[in-house]
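Novice: Before I ask anything, let me first share the structure, which is written out below as structure tokens.
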């Protein structure tokens, strides 16, 4: 294998599994260390810079970082990264003075953002301080988009949304609430310098089954129903409720029903329990509230008594796999089942809808009726129009919308400065030794064996009485400190300097995870089999450095390294060093644009 | 040294031996020796050897004297018996322990000061009596604990860290062990675990006095230009006569070798050593030839490593003394004091 090029920012970025998995690439270990040090405001600002909504995401994020966490591979449960983010938001001091100020001078460029959700607000956050005149349009009176309308208040209180959306609006952003954009052509005619579409995936899928029309009064589309609940238009539901669907929206529907008079709330899904789209912790929370989840049941018919819904008939199915391993649901040969109920909530997915974009407005759509959007620049076929969030590539989640927003803002900023938007900026990288003394490091390198701590919940009896009462109480300072201690500091990298090595084997002997091998170099596939411990996880790289006196190479399997620094402590010559690797994505602004040659 | 305990987490795919243990289960507490010490590599090799042999830790007694080397038993086999004895007195303690309980596996760990100076006589007599043990000398040619004076194994003409030339002749412990009748003699290097681990395994399996001289560079005081016990010098002057594979009695011999290059040596416990010859003329069962070979190469400044000598059908002290098979410490009062009648009968036979 060739020598690993650690000057390539992606090499060590990949080792920081959580940050690499995060769409916005938030420097997770960096802010967790700050939380452990009680520096909540600093931890909040690291987050805010990267993901704009730390308090909101700390309660609602789909947390792609957690399954990636190295702790899963060396222990079992990941660090509670998401809930530590909330700790930063909960315990921070007043940070308003640390926020960017509205610009003194405008640059004369006008940007229209359609939709007031996380994607648009991220674009606004990135562009407004640079001097752009940013206008956000939303059909709702209040800003926030799906964050405000679709996430139940018992998971995310309004006060958190208000605080974090205001940080953005206070940058001098013009928010036009209650102003729906119904025509792209009309918008284009207003001669904006750039338009960003962040309208989400606002249409809930329906189920066209017998009885649907007749019993319509008690059959509701999940996301529409959730937003009506959110605005207080709906305050009650029947005693017996069936929720169809297995995603996170279905979980929000069933838990909301429990708080609005639903005593017998049941979730019914087509697939198996394990294949449900809902995050495992959301399923757990629903079950904890006494909501059973029935699986392998396909809805066939809504039964009704002269238009009054009486229940749903299901066909029992089982999963069969064909020769190619594709799953098919086939009749299980059991009699159909009838679930009596008073109301049905349909949460079987949502889709994009662009009725307001005229198909001759100069924006190309594909065969699935989705706008053609560049995956890197987020530009549509109209060079002035950009898409992001769920509006770009279909339903995902908030953190993806934020990531899209940052990239679209970079594109808009570069375009309006006359640059090639396909030329993307490199991330900013800082690498620094953490050595403080012979056995002293600037980070806590003692490995805690603690299991993951649970976030305290409000007493169920109280929580179910009030739909606005937040269920999760968040970690207190003590629990947060313990949970933060579980972080392995994967951003403090083991850096090897071959010319200093005397091949004494001290690092090999002390490494608790058998990560390090000194051996003859070879081809990767074969090399992986003859390391101190076989390197079977192909998603994790081997760190290779040759040039040793005996002609061997140092091979380190990054897979389960605890970043404990014992190799560096044991090294008599300083060939190993622990160096913190801080990677921050480059957002819109002068650093995303290459320096211009000056006239002088 | 490190202040941190080694984290308990281990690699998820760590192999387990026949007892269900990983090599991590054979560790002791974390080493307090200098970072990079060769002795820590020997510790790791002992851990690996015991793991591969599936030794039950409670069947091992590790006994040492005084010195950097003699501290190391704390760092391996944390669940075994241990005795940190007086300076140079490890061999007598092993001899006594072995006589009292012949069922344990005895690991005697010593250094060049402990065995070649203050305990030279002890070293000699344990070997000539054939105490069934593995006698390991962690040989760095220097008194590390007292800041770098030459030890008795430092080569004449080699230089100390401060540039002083050694004018005394050196003791070659392996050569003396051969002369004293040790039935297993090997030399190895802490920086070559591929050679060292099988040698330790073979020594543990050997019945009789097995002696291993392990050159172990002292990174603090004896790893400089002018030293003959440094990593660089040993690597450059290493003359390995053979490589070993130890095959346990429970496993069939499946390894294939080119004919003529391998000698199979049966061990007392039923295991087998496959000796891959690196020097075609080297005769591993010829004590006198081995002595000559060592001296010729030492004169040329070469360090001969590998299994230097192994005696076929070796015996130990218990055979010479014709003791009972039951460990003496397991004999109870009835067997030890058979009564007046038995004594009278015995006395009568002596008249």
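Protein chains in written order, with the working numbering: chain W, 1 to 600; chain B, 601 to 951.
Backbone N, C-alpha and C fix where the C-beta goes; we use that ideal spot for every residue, glycine too.
Beta-carbon within less than 6 Å of residue 600 of chain W's beta-carbon, same chain only, minus the 5 sequence neighbours each way: which residues are those?
Specialist: With a pLDDT of 48 at residue 600 of chain W, under the threshold of 50, the modelled position of this residue cannot be trusted; read the value that follows with caution. Correct list: empty, nothing qualifies.
Novice: On the DSSP letters alone, give me the boundaries of the alpha helix (DSSP H) that residue 7 of chain W sits inside.
Specialist: Premise fails: residue 7 of chain W is in no alpha helix (DSSP H) and is neither H nor E.
Novice: Note down the Cα distance separating residue 119 of chain W from residue 302 of chain W, rounded to an integer number of angstroms.
Specialist: One C-alpha to the other measures close to 38 Å.
Novice: With 8 Å as the limit, tell me which residues of the stretch 548 to 564 of chain W have their beta carbon closer than that to any beta carbon of chain B; keep them in chain order.
Specialist: For the stretch 548 to 564 of chain W, which is checked against every Cβ of chain B, the residues closer than 8 Å are 549, 550, 560, 562, 564.
Novice: Taking the continuous beta strand (DSSP E) assigned at residue 733 of chain B, which residues delimit it?
Specialist: Run containing residue 733 of chain B: 733 to 739, per the beta strand (DSSP E) assignment.
Novice: At which residue ranges does the stretch 783 to 862 of chain B contain complete beta strand (DSSP E) runs of 3 or more residues, listed in the order of the chain?
Specialist: Complete beta strand (DSSP E) runs here, min 3: 784 to 789, 809 to 815, 838 to 840, 842 to 847.
Novice: Inspect the beta-carbon positions of residue 729 of chain B and residue 780 of chain B and report whether they are closer than 7 Å.
Specialist: Not a contact, by the Cβ cut-off of 7 Å.
Novice: Check the Cβ-Cβ distances between residue 744 of chain B and every residue of chain W, and say whether any is below 7 Å.
Specialist: Not one chain W Cβ lies under 7 Å of residue 744 of chain B.
Novice: So residue 641 of chain B contacts chain W; which residues on that side make the cut at Cβ distance below 9 Å?
Specialist: The answer, in chain order, is 504, 505, 506, 508, 509.
Novice: Let me know the secondary structure DSSP gives residue 99 of chain W once reduced to three states.
Specialist: Reduced to three states, the DSSP call for residue 99 of chain W is coil.
Novice: Find out if the Cβ-Cβ distance for the pair residue 706 of chain B, residue 694 of chain B is shorter than 7 Å.
Specialist: Contact flag set, yes.
Novice: In three-state terms, what does DSSP make of residue 287 of chain W?
Specialist: Residue state, collapsed to three classes: helix.
Novice: Assess contact between the stretch 624 to 636 of chain B and the stretch 670 to 684 of chain B, defined as three or more Cβ pairs (one per stretch) separated by less than 8 Å. Is contact present?
Specialist: Short answer: they touch.
Novice: May I have a chain-ordered list of the alpha helix (DSSP H) segments no shorter than 4 residues that lie completely inside the stretch 698 to 786 of chain B?
Specialist: Whole alpha helix (DSSP H) segments, 4+ residues: 720 to 729, 773 to 780.
Novice: What are the uninterrupted segments assigned as alpha helix (DSSP H) that are 4 or more residues long and contained completely in the stretch 248 to 293 of chain W, given in chain order?
Specialist: Entirely contained in the stretch 248 to 293 of chain W, the alpha helix (DSSP H) runs reaching 4 residues are, in chain order, 248 to 259, 280 to 288.
Novice: Within this structure, are the beta carbons of residue 869 of chain B and residue 805 of chain B separated by less than 7 Å?
Specialist: Yes; because the gap between Cβ atoms is below 7 Å, this pair is in contact.
Novice: Suppose you measure from the CA of residue 15 of chain W to the CA of residue 817 of chain B; what does that come to, to the nearest Å?
Specialist: In a straight line, the C-alpha of residue 15 of chain W is about 34 Å away from that of residue 817 of chain B.
Novice: Please list, in chain order, the chain B residues whose beta carbon lies closer than 7 Å to that of residue 446 of chain W.
Specialist: Under the 7 Å cutoff, chain B gives 604.
Novice: Roughly how many whole angstroms lie between the Cα atoms of residue 607 of chain B and residue 336 of chain W?
Specialist: Their backbone Cα atoms lie some 56 Å apart in a straight line.
Novice: Which ranges would you report for the beta strand (DSSP E) in the stretch 865 to 934 of chain B if only whole runs of at least 3 residues count?
Specialist: Here the runs fully enclosed are 872 to 877, 903 to 910.
Novice: Do residue 809 of chain B and residue 731 of chain B have their C-beta atoms closer together than 7 Å?
Specialist: The answer is yes: Cβ separation under 7 Å.
Novice: Once you ignore the five residues that flank residue 192 of chain W on each side, which residues in its own chain have a CB closer than 6 Å to its CB?
Specialist: Hits under 6 Å: 110, 112.
Novice: Quick one: using the 10 Å Cβ neighbour count with 16 as the cut-off for buried, is residue 536 of chain W buried or exposed?
Specialist: The residue is exposed, with fewer than 16 neighbouring Cβ atoms inside 10 Å.
Novice: In terms of residues, what are the limits of the beta strand (DSSP E) holding residue 111 of chain W?
Specialist: Start and end: 110 to 114.
Novice: Given 6 Å as the limit, tell me if residue 92 of chain W has its C-beta closer than that to any heavy atom belonging to the ligand SAH.
Specialist: Among the components of this structure there are no ligands whatsoever, and the ligand SAH is therefore not found.
Novice: Within 10 Å of its beta-carbon, does residue 66 of chain W have 16 or more other beta-carbons around it, so buried, or fewer, so exposed?
Specialist: So residue 66 of chain W ends up on the buried side.
Novice: Using a Cβ cut-off of 8 Å, which residues of the stretch 831 to 846 of chain B contact any Cβ in chain W, in chain order?
Specialist: Answer set for the stretch 831 to 846 of chain B: 831, 832, 835.
Novice: DSSP puts residue 483 of chain W in a beta bridge; with which residues?
Specialist: The partner list for residue 483 of chain W (beta bridge, DSSP) is empty, contrary to what the question assumes.
Novice: Given a cut-off of 7 Å, decide if residue 245 of chain W and residue 312 of chain W are closer than it, judged by their beta-carbon atoms.
Specialist: In this structure, residue 245 of chain W does not lie closer than 7 Å to residue 312 of chain W by Cβ.
Novice: For the stretch 781 to 793 of chain B, list every residue whose C-beta sits within 9 Å of some C-beta in chain W, in sequence order.
Specialist: Residues passing the 9 Å Cβ filter: 790, 791, 793.
Novice: Examine the Cβ distances between the stretch 246 to 255 of chain W and the stretch 144 to 153 of chain W and report whether three or more of them are shorter than 8 Å.
Specialist: Touching, per the Cβ criterion.
Novice: Taking the beta carbon of residue 777 of chain B as the centre, do at least 16 other beta carbons fall within 10 Å, making it buried, or is it exposed?
Specialist: Buried, because 16 or more other Cβ atoms sit within 10 Å of the Cβ of residue 777 of chain B.
Novice: Taking the straight line between their C-alpha atoms, what separation do you get for residue 212 of chain W and residue 300 of chain W?
Specialist: Cα-Cα distance, rounded: 11 Å.
Novice: Using DSSP with H/G/I as helix, E/B as strand and the rest coil, what is residue 48 of chain W?
Specialist: Of the three classes helix, strand and coil, the one that applies to residue 48 of chain W here is helix, per DSSP.
Novice: Relative to the C-alpha of residue 31 of chain W, which candidate in W:10, W:5, W:58 has its C-alpha closest?
Specialist: Here the closest residue by C-alpha is W:58.
Novice: Could you tell me the boundaries of the alpha helix (DSSP H) in which residue 71 of chain W lies?
Specialist: 70 to 74 is the span of the alpha helix (DSSP H), which, as asked, contains residue 71 of chain W.
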